[in-house]
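*Asks:* Residue 297 is where the sequence shown starts when you use our numbering, and the numbers rise one by one after that. Glycine included, every Cβ here is placed at the ideal spot set by N, Cα and C.
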Amino acid sequence: MGEANCGSVAAGNLNFTSTMQVDPPSAPAPPAAPPPAPPAIPPPAPTIERSNSKQSRSHLGANPFVSSFDGQETSSAHNECNEAQDSRQEEGGSGRKHNQSHIGSALEGYVEYKKSQTNKTFQALEERKRREEEFSVEKCVDQVDAMVELTNEEKSYAFDVFESETHKKIFITTKNPNVRLMWLKRKIRALMGSTT
297 MGEANCGSVA
307 AGNLNFTSTM
317 QVDPPSAPAP
327 PAAPPPAPPA
337 IPPPAPTIER
347 SNSKQSRSHL
357 GANPFVSSFD
367 GQETSSAHNE
377 CNEAQDSRQE
387 EGGSGRKHNQ
397 SHIGSALEGY
407 VEYKKSQTNK
417 TFQALEERKR
427 REEEFSVEKC
437 VDQVDAMVEL
447 TNEEKSYAFD
457 VFESETHKKI
467 FITTKNPNVR
477 LMWLKRKIRA
487 LMGSTT
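#1: Classify residue 454: buried if its beta carbon has 16 or more other beta carbons within 10 angstroms, exposed otherwise.
#2: Given a cut-off of 8 angstroms on the beta-carbon distance, is the pair residue 433 and residue 410 in contact?
#3: At a Cβ threshold of 8 angstroms, is residue 406 touching chain D?
#4: From what residue to what residue does the alpha helix (DSSP H) around residue 447 run?
#5: Reducing DSSP to helix, strand and coil, say where residue 488 ends up.
#6: Is residue 397 helix, strand or coil by DSSP?
#7: State the DSSP-derived secondary structure class of residue 412, mapped to helix, strand or coil.
#8: First and last residue of the alpha helix (DSSP H) that includes residue 464?
#9: Just the Cα atoms here: how many angstroms apart are residue 254 and residue 401?
#10: Consult DSSP for residue 431 and reduce its assignment to one of helix, strand or coil.
#11: Can you check which of these residues, 403, 442, 448, 459, is closest to residue 473 by C-alpha distance?
#12: Please identify the residue among 407, 406, 487 whose C-alpha is closest to the C-alpha of residue 449.
#13: Assuming residue 435 and residue 468 make a contact with CB atoms under 8 angstroms, what is their CB distance in whole Å?
#14: Go through its chain and collect everything with a Cβ distance to residue 421's Cβ below 8 angstroms, but skip five positions before and after it.
#15: Please go through the same chain and pick out, in chain order, the residues whose beta-carbon is closer than 8 angstroms to the beta-carbon of residue 430, but skip the five residues on each side of it.
#16: Determine whether the beta carbon atoms of residue 483 and residue 457 lie at a separation below 8 angstroms.
#17: Would DSSP call residue 418 helix, strand or coil?
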């Protein structure tokens, strides 16, 4: 609450003096008695250090410009305001730099993460493309066309066998050409039997 009053302007008819007004003497009067002693002023209250949160709670609803405890409250509110402004100015430079540094490092981390993800995706696509080329229908058809043991009708059924990714892989990866031919003839017979 003390910070909200920093720089506030008081309006109205305010009197901040505590002296009594004395009429000027009209004529010099003979001194009859010595002037009365001024009333005793209580000693100022000792300054108590409090945290900002305690100070702000104690000033809620209180006017910091009203003098109590011989000006202690007014100066306390003023000091609190100045301390808060000073700490904000001190933190402004280093806090802002720290925040920018934090944001910068977070952005760097994000960019590195995205690069890593992009590289992984690219590698996965390259691997998939390589496998598709390795087990492509075109390779299978080329090998079937080279098999003189198959009739043209059997070769046409073989193309249907290669619609399956698994069948393409088995056909291409089988090293023994005789086993490959027997496997393909069996798959072709199964297809021929299901169509008749």
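*Replies:* By the coordinates alone:
#1: buried
#2: no
#3: This model lacks chain D altogether; it includes just one protein chain.
#4: Looking at the DSSP string, residue 447 is not in any alpha helix (DSSP H), and its letter there is neither H nor E.
#5: helix
#6: helix
#7: helix
#8: 461-469
#9: Past the edges of the chain, shown from 297 to 492, lies residue 254, and the structure says nothing about it.
#10: coil
#11: 442
#12: 487
#13: 6 angstroms
#14: none
#15: 468
#16: yes
#17: helix
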